[in-house]
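Colleague:
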Amino acid sequence: MNESTLQVSLPQELPITAESDVIVVGGGPGGIGAAIAAAREGAGVLLIEHYGFLGGMATAGEVNPFMPNHVNGESLDQGIFEEWLDRMRVYNGVRGTSRVFDPNAARLAAEDLCIEAGVDLLYHHRAVHVETDDRHIQGVVLHSKGGLTVARAKQYVDSTGDGDLAALAGCAFEYGSEDSGHAQPMTLCFKLKLDPADLPEGGGEKDLYSTLRSDMGRVQEVYKKAQADGRIECLRENVLIFRGVDARVVHFNTTRVIHRAGIKGAELSAAEIEGRRQLRQIVEVLRAEVPIFRNAKLHSIAPQIGVRESRRILGRAYVTLDDYRAGRRFADGIERVNYPVDIHNPDGTGTTFLDMPKNIWYEIPFGCLVPRDIDNLAIGSRCISVDHGVHSSVRVMPPVCSLGQAAGTAVAMAVAGGVDVAAVDGLEVRRRLIRQGRNLPPFDPENPLTNPGAQSDRIGKAGSLSA
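All letters in the sequence shown, in the order written, are residues 0 to 466 by numbering that gives the first Met the number 0.
1. When DSSP labels each residue in this structure, what does Asp20 get in the three-state scheme?
2. Three or more C-beta pairs under 8 Å: does that hold for the segment 373-383 against the segment 151-158?
3. Output yes or no for whether 8 Å exceeds the beta carbon distance between Val24 and Ser158.
4. Which ranges does the beta strand (DSSP E) cover as unbroken runs of at least 3 residues, wholly within the segment 322-396, from first to last along the chain?
5. By the 10 Å Cβ neighbour count, where 16 or more other Cβ atoms means buried, how is Glu73 classified, buried or exposed?
6. Compare the C-beta of Glu177 with all C-beta atoms of chain B and state if any pair is closer than 8 Å.
7. Classify Pro489 as buried or exposed, calling it buried when 16 or more other Cβ atoms lie within 10 Å of its own Cβ.
8. Can Ile257 and Gly347 be called in contact, C-beta distance under 8 Å?
9. Could you give the DSSP three-state label for Asp101: helix, strand or coil?
10. Regarding Lys144 and the ligand MG, is the C-beta to nearest heavy atom distance less than 7 Å?
11. Mind checking which residues open and close the alpha helix (DSSP H) that includes Thr210?
12. Quick check: the Cα distance between Val428 and Asp197, rounded to an integer number of angstroms?
13. Quick one: what's Val249 bridged to in DSSP?
14. Hey, would you say Gly274 sits closer than 8 Å to Thr254, going by beta carbons?
15. Contact defined as beta carbons within less than 8 Å: I believe Cys170 pairs with Ile333. What is the distance between those atoms, to the nearest angstrom?
16. Determine, using beta-carbon pairs with one atom in the segment 37-52 and one in the segment 406-416, whether at least three such pairs fall under 8 Å.
17. Using 8 Å as the threshold, is the C-beta distance between Asp386 and Leu320 below it?
18. Let me check understanding here. Comparing Cα to Cα, which of Trp360, Gly417 and Met87 lies closest to Pro440?
19. Return the CA-CA distance between Ser392 and Asp341, expressed in angstroms with no decimal places.
20. To the nearest angstrom, how far is the alpha carbon of Thr210 from that of Gln77?
21. Quick one: what's got a C-beta closer than 8 Å to Ile388's C-beta in the same chain, skipping five residues either side?
22. Nearest-angstrom Cα distance between Gln137 and Val129?
23. How would you label Glu115, buried or exposed, when you count the other beta carbons within 10 angstroms and need 16 or more for buried?
24. Ala182 and Gly261 - do their beta-carbons sit closer together than 8 Å?
25. Expressed to the nearest angstrom, what Euclidean distance is found between the alpha-carbon atoms of Ala301 and Gly417?
26. Distance, Cα to Cα, Phe52 vs Tyr122?
27. Have a look at the DSSP bridge pairing and note the partners of Ala150.
28. How many Å lie between Ser380 and Gly55 at the Cα?
29. Contact between the segment 185-195 and the segment 288-307: three or more CB pairs below 8 Å?
30. Can you check whether the CB of Ala108 is closer than 8 Å to the CB of Thr58?
31. Going by DSSP, what residue range makes up the alpha helix (DSSP H) through Glu82?
32. So the candidates are Arg315, Asp331 and Phe241; which of them puts its Cα closest to the Cα of Cys367?
33. Classify Ser401 as helix, strand or coil using the three-state DSSP reduction.
34. Is DSSP giving Leu75 helix, strand or coil here?
35. By DSSP's criteria, Glu130 is part of a beta bridge. Which residues make up the other side?
36. Compute the distance between the beta-carbons of Gly216 and Val62, then report whether it is under 8 Å.
Below you can see the structure in the form of structure tokens.
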């Protein structure tokens, strides 16, 4: 033993406490879509989540609202995502016809749909090790309050968002931008509740948010001056807010933490502290200098900082910014995306948008969900095989839920056919998704935007970061 390491003794044999046809690791939007889809297709499904609730960035990260992914005013994420949103309405958890939602309703709605589909839920467990042999996951070692145990399945879905399961299994990945190597910054979301006493005379509660919106010029001026004076040490270029389900509640997506890796525990810890430091500064300045915030109270702080980007697991296909610009479509396309390239500067101030034309989309081929290194694993979250630019478009929660639905469908098809998910025909996955109600038009080989088949030869350089 030297001073930088400690020799440890861990059990060489562990109890197998769970077995299923399919194991989904991660209960965020992608995991919800994957688990429900696989269960509805007839597979036994175990969904493992390290929090005590589902929803991922929608709940633990309090990211809000759901970003639009529409063509001709129609959602491209018809299917499990829209079911989830509709179920939130049962709990009065969505503002009108908007995409603004209550994270508490999101938790309940996701759990409802999973239980109704027959998904087995295992909370407060985290995957910490993967046993592999001959390109196959043999079992996942889980850690919980009870110690170490093993869960086994025929097929697996990584819906961790960060590609944790795939990385533990030895899959190659990319990380960060092609220029700097840094991932997009993290943001700690929070909400303030406005006080009607701060309204101009004669105003009512329903006027709170409209009053704030009319005073946003003042808000931005105060924010920029406080940045210049050093009273706010946040690199975001402006204050980004959204109205909550409750008209008195204002959601802030404003803090910006750069150069911290969401897959390194110590850096993630430091990011949480930095996010709350910026939050304190922002709230103090707004209360002191913007009348509508004078008596505003903290309504909530996200339990976890929001991570936009980390690993991107290299797969049998790889979609690039050139494909995005061309509106490329694929014979085995399993998701359509119209949301723009949306890159928060990994190195400081500024946000880059590259809009997709209003009624144009690009597609994600099935091969982007199939790691090139493991045959019984599918990726059902944002960490699919795409470049930095495309990732910034597909990372938002509605497409992520749909990617999960595709992954879950594919692993269930693999179980039913007695094969690995890597052997499943992507064209058949697309057809099955269409039968499930997904908004995927028939593939048109005559369309000049079409590039038939997946781009399995376009594999980027693998990255490597340790936890």
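Virtual Cβ for every residue (Gly too), placed ideally from N, Cα, C.
Modeller: Based on what the coordinates show:
1. strand
2. yes
3. yes
4. 332-336, 340-343, 350-353, 361-364 and 376-378
5. exposed
6. No chain B appears in this structure, which consists of one protein chain only.
7. The shown model of the chain, from 0 to 466, leaves out residue 489, and the question about it has no answer.
8. yes
9. coil
10. Looking at this structure, you won't find the ligand MG or any other ligand, since it has none at all.
11. Leu207 to Ser213
12. 55 Å
13. Leu191 and Arg242
14. yes
15. Their Cβ separation, rounded to whole angstroms, is 19 Å, which puts Cys170 and Ile333 out of contact at 8 Å.
16. yes
17. yes
18. Trp360
19. 6 Å
20. 35 Å
21. Reading off the sequence shown, one finds Gly at residue 388, where the question assumed Ile. So the list reads Thr319, Leu320, Tyr323, Val340, Ile342 and Leu353, once near-sequence residues are dropped.
22. 8 Å
23. exposed
24. yes
25. 42 Å
26. 7 Å
27. Ala17 and Val139
28. 11 Å
29. yes
30. no
31. Ile79 to Val89
32. Arg315
33. helix
34. coil
35. Gly138
36. no
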